[in-house]
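Below you'll find the structure, written out as structure tokens, and then a few comments.
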Amino acid sequence: MAANDRSYTLLLNHLHNPHTQLSLQTIQGALSHHLATLEPIPTPLAATAISSPYFLSQPLTYHKLNALSTAFRHATHLKFRALSKEDEKRGRVEALFEKTPKAAMDGWVRDVVRGLQGGHPVLRLASCSGLLLGVEDLRHSRTPAPLEVVGARGVVEDEDIVALAEVMDTYGFGATAHGVEEWEKEFQPAGQDLLSIALIFASQSFPLIPQNKLKVLPLPLLSQMLTSTICATFKNGSFLSSVSASVTLTADNQVHISSSSAFTQTIQSITSSPLTASISSIARFTSNILSLLLSLPSPSSSSRALDENLQAASACLQSLRDLAKTVERDWISTSLASVTDEHGIAEDTKELSKAVWGILKTLLFTIIMVANAALEAAVFLPPVRLGSGVTPTTLALQTLNTLSHLAFVISQFGGVTSTSPDSFLELKKTFYLALDILAQGDGVYGDHGKPKAEAYVEQVCMALDGQRVLEGNVGFRQAKEAFALASIEQLVPVLSGKCVRNWVWGACAPHLTDASHRESFESAHSTVLAVFASYAGQQQQQQGGEGESVRGWVRRQREKLGRAGRHGRSGSPAPEGTSSRGGLEKKGTEPASIDTDFVKKMVPFYAKCLIENSTEGKLHTPQLRMAYAALVRSACACGGGSDSDSDENDTGPSALAWYCVQLLVDTIQGILNKQTARRGGKGKAREGVSSEDISLETLHRLELTLVSTLSLLPLSLLALALDEVFKLLTLEDRTREKREEVVEALFTEILEGVGDSEKEYAMGWWYEHRGALGEEEVGKKEGGNQKDGERSLSRL
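Per this note's numbering: the sequence shown = residues 85 to 880.
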């Protein structure tokens, strides 16, 4: 009998002694062993363990509870291994009269659960979590074989749920924000409380429980408790508040923080906390609860229940937003925010700096996981009027504002528009999903009766204006600007013309010629091009056309330039509001009403702006080509732009498109004239590269850009433009390689880009001039640099 075993007696003695000197690991191992070997049943030992003075003694620390949970998990493995060995030793006849390992394991698990019933809720939750994890391990065990005890598993799941419900009842109702009564705090370790510790174990085991069982819990309250635990993990965002008092500067003006400072101790307490170690499982559990809250209600569910669930989800996201806002506020005032590289930090402070960034990135991951779950579930909610006014759009706005507060952290991953293979995909998924929901709208209006998307854009633009007049960290400001511009770009299709004219244009203008911060530079151009694309699509719909959509045109341009692209890099600006990065779908929304007069004023300005950005270090060749093509497309759409509306000397709609073409031709001719006048000069733009070489590179970009506009022109302008291209290509002062590339691009544009109504003329023109253009060279390099072109258009 195990009761007569001396080791079993010693274990009982230590469990009843709250001040035993035996190590926790030793007690854990002994408990696992005897739970697995105790005969006839383990019920008495399980009951003794969770009611023993040793485990009940204050304080109830995470390490003690984790040892208890691990003991039950390991006991499950030991019992199964022992049963399997016994089964192997039995003969065939003997096996007929004995339980199978599966039946014996099922009975053992049930006996353990009976011993846990009625114990302390936190200890019971920890024990059931360990037992459930052990049962789950058996399903995936390869040694000796997988085993699934369905009946007993259901019993463990039920007891786990009951234990969590009792924990919530004991430490939730009438408790403080962190679930602990004031008088209990003196018994708790710093930074820990029983509710948070209990939720750690719940987050480990509850993902294994069927979703329909979890619905018996008060999910709104549970989501609140989990959110409070997340906030407590990051000190409610105040962990950066003591940085300023802890920072000193070395003689080399490096940031130094003493290892004994209050800030260092705060960071160490966070990194060593069991909450931080378990934050991924807590965030995943929170995401699961929010998904359940916002899952499509049954027909019998009332709108009141849906309203309460939406309010709970909104309260969760609002708490995370407040947390991020506090972090942002404290980060601005820290010396670490102004450090641009590791050389600005003292050697003995670098590890601390890495720990800070690790905490910030962990916070971002946590928020994204929770917000994404809420948004994915909110997409499928029915459009009903609720008393609280909380809608899926509310959740989207809270998510965008939260991410905006953490823009300085997001910039460490390349920003939300990064197309790098190493970019943060879940971040972009959450970002664009929030914008999709906001753009879709729900019939609810924001401040001053404006749609929420428009009110959000105005709010963002006002914030940008306020930041420009303030002196502060440049990197922080640039990260905020890049995030704001990326948000605005995706919302352009649903904005009114007044909002675009009064707010969007002013937000983009300062960045159109400043390439010092690449993400802001490209996002500003993408936003302006989104305005043009939205206007062109609006005109097409008003004319009742069944032609190619904006999205189809952009896809075709991407494929075409992907084949013909040269010298491109990733990150080209998207010339539309509905970028494939986020996939903003405007189902059910009216086209944005952008004034034609406003577009007519923008076209000449932006044409000059693009030409100014054709120099090296600004827009890359594929970017410039697609941007200028989108500009010409919008210019043709002004007032209709059909060929029948104008002739060669027209001053109407076609004249605006021809202005863009003529500006390109004049610029190219101007560069050629300067090259001729400067023949024999020795000017240098930078070491090893002559100014003539740079001018020729710009000339080549502009010629390719001119070719890209041909397929957008009506027939009367196409004839004129082709003649201008022919004149430029037949000049003697041309390098063979550059000329061949332009001719090849021209052939591709005529073959694949020109529309049906202009195709006959364009092909006739090509056959007439192919001899002078050197037709035999066309196609030799087709596909040679296709990957470069595709990579440069990946942002589209």
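No residue lacks a Cβ here, since even glycine has one placed at the ideal position from N, Cα and C.
Beta-bridge annotation (DSSP): residue 339 is paired with 333, 429. The way I'd put it, the segment 505-521 doesn't touch the segment 429-436; fewer than three beta-carbon pairs between them come closer than 8 Å.
Apart from the 5 residues on each side of it in sequence, residue 184 sits with its Cβ closer than 8 Å to the Cβ of 171 in its chain, given in chain order. Nearest C-alpha to residue 827 among 839, 787, 505: 787. Secondary structure at residue 535: strand, using DSSP grouped into helix, strand and coil. With respect to residue 324, residue 411 sits close: the two C-beta atoms are nearer than 8 Å. Closest in C-alpha terms to residue 525, from the list 791, 465, 488, 566, comes 465. Nearest C-alpha to residue 111 among 159, 142, 446, 127: 159.
CA-to-CA, the gap between residue 711 and residue 498 works out to about 22 Å. Per DSSP, reduced to three states, the secondary structure at residue 697 is coil, with no helix or strand assignment.
Rounded to the nearest whole angstrom, the C-alpha separation of residue 758 and residue 559 is 39 Å. The residues 211, 214, 215, in chain order, have a CB closer than 6 Å to that of residue 156 in the same chain once the five nearest residues on each side in sequence are set aside. Judged by their CB atoms, residue 608 and residue 583 are not nearer to each other than the 8 Å cut-off.
The continuous alpha helix (DSSP H) containing residue 212 extends over residues 205-223.
Residue 229 sits exposed, since fewer than 16 C-beta atoms from the chains shown fall within 10 Å of its C-beta.
Secondary structure at residue 544: helix, using DSSP grouped into helix, strand and coil. Straight-line spacing of the CA atoms in residue 678 and residue 743 works out to 21 Å. When rounded, the separation of the alpha-carbon atoms in residue 408 and residue 491 is 10 Å.
Taking C-alpha positions only, residue 458 is separated from residue 537 by approximately 19 Å.
The three-state secondary structure of residue 549, taken from DSSP, is helix. For residue 495, the secondary structure class from DSSP, reduced to helix, strand or coil, is helix.
Sequence-distant partners of residue 291 (beyond 5 residues in either direction) whose C-beta falls short of 7 Å from its own C-beta, in its chain, are 368, 369, 372. Between residue 486 and residue 401, the gap from beta carbon to beta carbon is short of 8 Å. Membership of residue 290 in any alpha helix (DSSP H) is not indicated, and neither H nor E is assigned to it by DSSP.
Between the segment 125-132 and the segment 194-211, the count of Cβ pairs shorter than 8 Å is three or higher; the stretches touch. The beta carbon of residue 99 sits closer than 7 Å to those of 132, 133, 136, 138, all from its chain and outside the five residues before and after it, given in chain order.
Relative to the Cα of residue 596, the nearest Cα in the group 570, 518, 694 belongs to 694. Inside the segment 453-489, DSSP marks whole alpha helix (DSSP H) runs of 4 or more residues at positions 476-489, from first to last along the chain. Boundaries of the alpha helix (DSSP H) around residue 186: 185-200. Cβ contact annotation for residue 287 (same chain, cutoff 6 Å, sequence separation greater than five): 365, 366, 369, in chain order.
Exposure of residue 344 is indicated by the presence of fewer than 16 other C-beta atoms within 10 angstroms of its C-beta. Counted as a single uninterrupted DSSP element, the alpha helix (DSSP H) harbouring residue 801 occupies residues 799-813. For a cut-off of 8 Å, the C-beta gap from residue 284 to residue 205 is around 14 Å, too long to register as a contact. For residue 299, the three-state secondary structure derived from DSSP is coil. About 15 Å separates the beta carbon of residue 151 from that of residue 209, a gap too long to meet the 8 Å contact definition.
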